[in-house]
Every structure is written in structure tokens, then in C-alpha cells.
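*Asks:* Structure provided below as C-alpha cells; questions to follow.
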Amino acid sequence: MKIGILSWVTWLPALGAILLLLFNKSKNDAIRWFANLWMGLCFVVSIPLITGFGSSIKGYDRALGGLQFIEDFEWIPIIGTRYQVAVDGLSVILIMLTTLLGVIAAVCSWSYIRDKGREKEYYIMLLLLQTGMIGAFASADLFLFFIFWEVMLVPMYFLIGIWGGKNRLYSAIKFFLYTLVGSVVMLLAVLKLFFIFPDVVKSQKGLVLETARQYATNHETGQENSAMRKLVEDAMRRVDGKDVDNKSLPSSYVRSSFNIAALTAIGPHIKTVFGINVVIWLFVGFALSFAIKVPMFPFHTWLPDAHYDAPTAGSVILAGILLKMGTYGFMRFSLPIFPDAATHPRVRFWMITLAIIGIIYGALVAMAQKDIKKLVAYSSVSHLGFVMLGLFALNPNGINGAVMQMINHGISTGALFMLAGLIYERRHTYEIAEFGGLASVMPIYSTIFLIVTLSSLGLPLMNNFIGEFLVLRGAFEAKATWGALATVGIILGAAYMLWLYQRVFFGAVTNDKNKTLPDLNAREAWQFAPLIVLIFWIGIYPKPLLSYINPQTEAVVVQIDPNYFKLPEEPKMAEEKSANELMPQSTKTGSKISEPTPVEVESQAK
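For the sequence shown, the numbering used here gives the first residue as 89, with consecutive numbering after it.
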């Protein structure tokens, strides 16, 4: 069985975790070196997804769009679930971010885990977490996605519960219970969607095929992704009792499918068959799980505790990747599969309201914090509120901005947690009042902190500016009030980030413990290099990143509103059409018109 590039990228970290089991626990240096190098290998193996360099395959084709690098194998045929992995422009960028942050998380753990101990178990958990996250982004089968979604909880639970702060057990259990409750609700919605799939296909087969064609078409280039469309057709064939090879299924096999592309194709037609109430309840089932993961207000209370007690690498992964699982879920499932619910006035009102509350509330609470790490944690609530606002603006600018903010937040906030972890390793405290004047003591550290701070508050020519600008533009296009309220969050974000920097780095060194603090060494400084490069690259030239994101954004917008990109008729064309409708039928068909008789001429003159 040929193993594709996506399977290598997904399972290589888990293979590294298995190999770590063979190491002697006392060989701590060897364990650290192996884990760091293996994480680097995982990143290198993922590069061909973008470039194709060093591989027999091409990189992701942005002109084609849709799902690519498809791997489709039999898995549990009796219930119709298959091992299907594939990526589109959105998921390929998030996988690249995951593998990059995996390397950085391993490197920034070097000193921390040496002091904490149990290196072998720590790196095993980190590698297993990597596989869970990549698998969730790569899954093209909803059952497989749910498996990876649940698997992610276990390594993060242990990372917080074993290697975290003094309240680590409380924070780990709280994190686990919150996300588990959301997962149970989503499982019910997944099963309901699975069981209604055959009824919608049988009732609306032609329309479902047309929706699948539209969703698999790049609306910029007009190219249709035939491999993606085939996934849908194979799933629909199963409803008729045929497998992918067009052979009859055994009578005991369920006539349904978990294929995500096929479930997306039936999305606009669920309302016709089952009514709007079923669509809304299914939306709620998925949305509750994703809202907890984001986390949206008021489901955010697990986040500050989890961040505060997590090890530095855990906070980097949590902020950079795990929180994006929630926003990715809205983009992948909630909007395209349940467009009638997403556009329902009451549903949209509540989603936008909670997003705006999260933006302002998160910023205000961050401003009140006396602790560096908790301030950064509450800033995540505010920043991810912008992501949700952009998604439910339901227009290309808003959604593109939301996806950009997903990536930008992972870069900037991940760097902030690394910076907080470095100062904690030196002083064993996060209290802002314990610092002051560090700019004169740690110039390299203060310079990097300034760059990341300006990035986080959205300074032009840095990454967050592009995402926030697009989100606000999309919000103003949808409703001016939404954009105006969200702007308050931008102002507050600048206030709490600049105030934090002023208190920690400016002024005189008043605490004797800070006078001899060592600046960053070469390893600590270089771990920020890729993040700083991305901060300026995305801020100055975001086009390459948007070229991956935009085709998927447009596919989601067309799923929500099929007429969004259709141009209005030109006035001249409309007049010609109107005149044509008034002409006699004989003129339209081109037949010869008989000359009027003298009596008819006289009658017309009168």
C-alpha cells in the first residue's frame, strides 16, 4: 500500500514517540537531542506540501484549489468510514504552522524540561500531540476527524497535569472536562448528520451533485477539482448500495458516509428535506464544541488557568494550534455544512454578539492583570473574538481576515508565551511588579519583546495589521455597528500591550534580583528567528498566504450565498432583454413577418 505525503506528515511524530520508548530514561541529553532533531525532520517532511521540493509530487496547486494529496483507503466498511486524508489551502497552511511551532516548542523546552525532569515522557506527549493536531487538519472523513479531535486532549492533559505549575491538576482537569463536554455534544450532531445523509441524497440528488461541483471549483480560475468531486460521488454511490469500485455492498453495511466533502454538498439541502429547526440544532451541536475550543465568551474560563499552569511549550502549542481547532471547525463544518443556520438572523446575531463581547471583555480583563502570562492568555480571548467576527461577517474580506488572524495569533501569541517562559526560567515569577528597567539589563530580550508586542497590537507592516484590517473591513461591509464596536478592542489592545512593555522594560532597575539577569543566549535568540521573519513577511507581503486561503474562502461564501459573486446585469443588457420580451414571437424566432394590410394601417393610424 503506497503511503502518501500526508500520511508521512501525520504519523511521523507518532513514530518518533514510539522510538523514544526504546531510549534509556537516564540518557536525558540523548533524549532531548533526538526529540529536537525528530521535530525538525517532521517540519522538513511537511515542506513538499507547499513547494514540492525534494519530492516526486508537486506542491499544493493554488490554481486548482480544493482538496489535494488525497489518500483514500478502506477502514471500517460496515459503517462507511474510510481512511481519507486530504488538504485544501486552509488546512495546508495550518499544518505548516503546526510543524513549525512543533520545532520551536521542542527547542524552547530545552532548559525547562531539564529542570523539571522526566524528559522521555514529556517529549513522547509532545510528539503524540503533534500527530493529533496534524491528523485533525488533514482528515477528509468526519469519523477520522473526531478520533483525532479526541486524541489531542490526552497529551495536552498530561503536559499540563505533570509538567505544569502549582495548580496544574486543577487546570488540567478543567481543560479536559470543558473540551470533553463539547465533544460529546458534537458526537451526537455527527451521528445525526450521518443518518440523514441518505435521505437528503435520495431526495435532492441532482442538486447535491451541482453543489458538489460548485464547491470543488476554484471561482478565481474556473478549474474544477475532479478528484475532490469523485469523493462526493463515491459517497453518494454508497447510498445506492455500491462501493467505490461500483460493486454491491453486503446487506449489513450502512448506506451512508462520513466523507466531509459529501456532507458539505448536502448542506444547503438539509433544510428542504428536514426543515430549518433540524439545521439549527445540528449547527448548535457542532458550534458548542468549537466555541469551547476557541474559546468564545462565556466558554473561555478554562483558558487562563490552562495557559498559566501549562509549561512554556504547552502554552505555545495551546495558543498557536489548539485554539485554532475551534475556529477551523467553524470554517470547515459550521459555515459550509449548515449555511441556512449560519445566515439565520437569530443565530448570526448571537454569534456576532458573543464575538464582540469577547473582543472587549478579553481586552479589559487583560488590562487589569498583574501577571504577564495571564495578560497574554486574556489577550487570546480578545484576538480570537476578531476571528469569530470575521467568520460571521459572511463575506470574503471578513473570512480571509479571520483565517489570517488564526495564523497571526499563532505566531505572535506563541512568541509572547515563549518570552514569558524565558523570564520565568530566570526569576521564577510572572508578576509584572517584580520587573522594571529590563531594557538596560537584557537588550536582546527587550528588542525581541518589542517587535512581538508591536505585532500583537497590529502595527502596520506587521502581520496582525493585515488580519485585523480585513476583519474590520468585512465587519463594516456586513454592518457598520459591528465594525465600530470591534474597533474598541483594537484601541484597548494597544493600551494593555504598551502598558505591559512600559512597566517591564522602561525606567530604573529597582529590584536587585534583576540587575544580574543574563540576556538571551544563542539558542534562545535563534528560536525566535522564524517567527520574526513571518511577522514582517506577512505584514509587508501577504499575497502568497492569501493565495492559499482565498479559494477556500470563496468556496465557503458561495456555499452560503450562491449568488454572491454573480455580477448584476448591465443596464443595456437589461433594456435589450426587456425589449426582447415585448417583441412578437415571430420576430424572436426569426420567421418572416407579413406586411400589414391597408385596413390595418388605417386602423393603427386612427
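The beta-carbon is built from N, C-alpha and C at its ideal position, and this holds for glycine as well.
Evaluate contact between the segment 421 to 429 and the segment 499 to 510, counting only Cβ atoms and requiring at least three cross-stretch pairs below 8 Å.
*Replies:* The segment 421 to 429 vs the segment 499 to 510: no contact.
*Asks:* Taking the straight line between their C-alpha atoms, what separation do you get for ILE106 and MET127?
*Replies:* In a straight line, the C-alpha of ILE106 is about 14 Å away from that of MET127.
*Asks:* Beta carbon of TYR416: closer than 7 Å to some heavy atom of the ligand HEM?
*Replies:* Summarising the ligand content, the structure contains no ligands, and the ligand HEM is consequently not present.
*Asks:* The beta strand (DSSP E) spanning TYR171 covers which residue range?
*Replies:* Its beta strand (DSSP E) spans residues 169 to 175.
*Asks:* What's the call for LEU100, buried or exposed, on a 16-neighbour Cβ count within 10 Å?
*Replies:* Buried.
*Asks:* Candidates PHE157, GLY546, LYS359 and HIS516: which alpha carbon is nearest TYR200's?
*Replies:* Considering only alpha carbons, the answer is HIS516.
*Asks:* What does DSSP give as the partner residues of ASP160 in its beta bridges?
*Replies:* For ASP160, which the question treats as bridged, DSSP gives the partners GLN172.
*Asks:* I'd like the list of long-range same chain contacts for ARG343, defined as Cβ closer than 7 Å, with 5 residues on each side in sequence excluded.
*Replies:* PRO286, ARG326, VAL327 and GLY329, listed in sequence order.
*Asks:* Just verifying my parser: in three-state terms, what is the DSSP assignment at GLU565?
*Replies:* Helix at GLU565.
*Asks:* Quick check on the DSSP output: the alpha helix (DSSP H) that includes LYS290 runs from which residue to which?
*Replies:* That run of the alpha helix (DSSP H) goes 256 to 291.
*Asks:* Decide if VAL621 is buried, meaning its Cβ has at least 16 other Cβ atoms within 10 Å, or exposed.
*Replies:* Exposed is the call here.
*Asks:* I believe ILE554 touches MET492 by the beta-carbon criterion, under 8 Å. Please report the beta-carbon distance rounded to the nearest angstrom.
*Replies:* 6 Å between Cβ atoms; contact.
*Asks:* Is it buried or exposed for VAL320, if we count other Cβ within 10 angstroms and need 16 for buried?
*Replies:* With 16 or more Cβ atoms within 10 Å of its Cβ, VAL320 is classed as buried.
*Asks:* Relative to the C-alpha of VAL367, which candidate in GLY417, SER197, HIS432 and GLY402 has its C-alpha closest?
*Replies:* Closest by alpha carbon: HIS432.
*Asks:* Take SER95 and list the residues in its own chain whose beta-carbon comes closer than 8 Å to its own, dropping the five residues that flank it on each side.
*Replies:* Closer than 8 Å at Cβ, skipping near neighbours: GLU159 and VAL173.
*Asks:* With which residues is ASN347 paired in a DSSP beta bridge?
*Replies:* ASP229.
*Asks:* How is GLU207 classed by DSSP in three states: helix, strand or coil?
*Replies:* Three-state result, GLU207: helix.
*Asks:* By the three-class DSSP mapping on this structure, what secondary structure does THR604 have?
*Replies:* The answer is coil: DSSP assigns THR604 none of H, G, I, E or B.
*Asks:* Inspect the CB distances between the segment 378 to 388 and the segment 415 to 426 and report whether three or more fall short of 8 Å.
*Replies:* With a cut-off of 8 Å, the segment 415 to 426 and the segment 378 to 388 count as touching, because enough Cβ pairs lie within range.
*Asks:* Quick one: grab the DSSP three-state call for LYS660.
*Replies:* Only weak support exists for where LYS660 lies, its pLDDT of 47 falling under 50; the coordinates are left without a value.
*Asks:* Mind checking who THR305 pairs with in its DSSP beta bridge?
*Replies:* According to DSSP, which records beta bridges pairwise, THR305 is partnered with GLU312.
*Asks:* In angstroms with no decimal places, state the Cα-to-Cα distance between PRO639 and MET494.
*Replies:* Looking at the two C-alpha atoms, the distance is approximately 17 Å.
*Asks:* Go ahead and label MET89 buried or exposed: buried means 16 or more other beta carbons lie within 10 angstroms of its beta carbon, across all protein chains shown.
*Replies:* Residue placement at MET89 is flagged as unreliable, the pLDDT there being 49, under the threshold of 50; a coordinate-derived value is accordingly withheld.
*Asks:* Report back the beta-carbon spacing between LEU510 and LEU391 to the nearest angstrom; my notes put them in contact at under 8 Å.
*Replies:* No, LEU510 and LEU391 are not in contact; Cβ-Cβ is about 22 Å, not under 8 Å.
*Asks:* State the DSSP-derived secondary structure class of LYS330, mapped to helix, strand or coil.
*Replies:* In this structure, LYS330 counts as strand in the three-state DSSP scheme.
*Asks:* Name the residue from LEU230, VAL332, ALA300 and PHE387 whose alpha carbon lies nearest to the alpha carbon of GLY266.
*Replies:* Contrary to the premise, residue 266 reads as Tyr rather than Gly in this sequence. Selected option, being the one with the closest Cα: PHE387.
*Asks:* Would you list the residues sitting across from GLU519 in a DSSP beta bridge?
*Replies:* ASP459.
*Asks:* Contact check, LEU482 vs ALA490 under 8 Å by CB: the rounded distance?
*Replies:* Not confirmed; about 11 Å, so no contact.
*Asks:* How would you label TRP625, buried or exposed, when you count the other beta carbons within 10 angstroms and need 16 or more for buried?
*Replies:* Burial call: exposed.
*Asks:* How many angstroms separate the CA atom of VAL332 from the CA atom of ASP229?
*Replies:* So the two alpha carbons sit approximately 15 Å from each other.
*Asks:* At what residues does the alpha helix (DSSP H) containing HIS395 begin and finish?
*Replies:* Run containing HIS395: 390 to 397, per the alpha helix (DSSP H) assignment.
*Asks:* If you follow the alpha helix (DSSP H) that ASN638 is in, where does it begin and where does it stop?
*Replies:* Taken as a continuous stretch (DSSP letters only), the alpha helix (DSSP H) holding ASN638 covers 631 to 648.
*Asks:* Whole angstroms is fine: what's the gap from LEU185's alpha carbon to LEU137's?
*Replies:* Spanning the two alpha carbons is a distance of roughly 12 Å.
*Asks:* Under the DSSP definition of a beta bridge, which residues are partnered with SER336?
*Replies:* The partner list for SER336 (beta bridge, DSSP) reads LYS330.
*Asks:* For SER179 and ASN599, what's the separation of their Cα atoms in angstroms?
*Replies:* In a straight line, the C-alpha of SER179 is about 47 Å away from that of ASN599.
*Asks:* Going by alpha carbons, who is nearest to THR309 out of LEU214, LYS290, ASP149 and LEU452?
*Replies:* If we check each option's Cα against that of THR309, ASP149 comes out closest.
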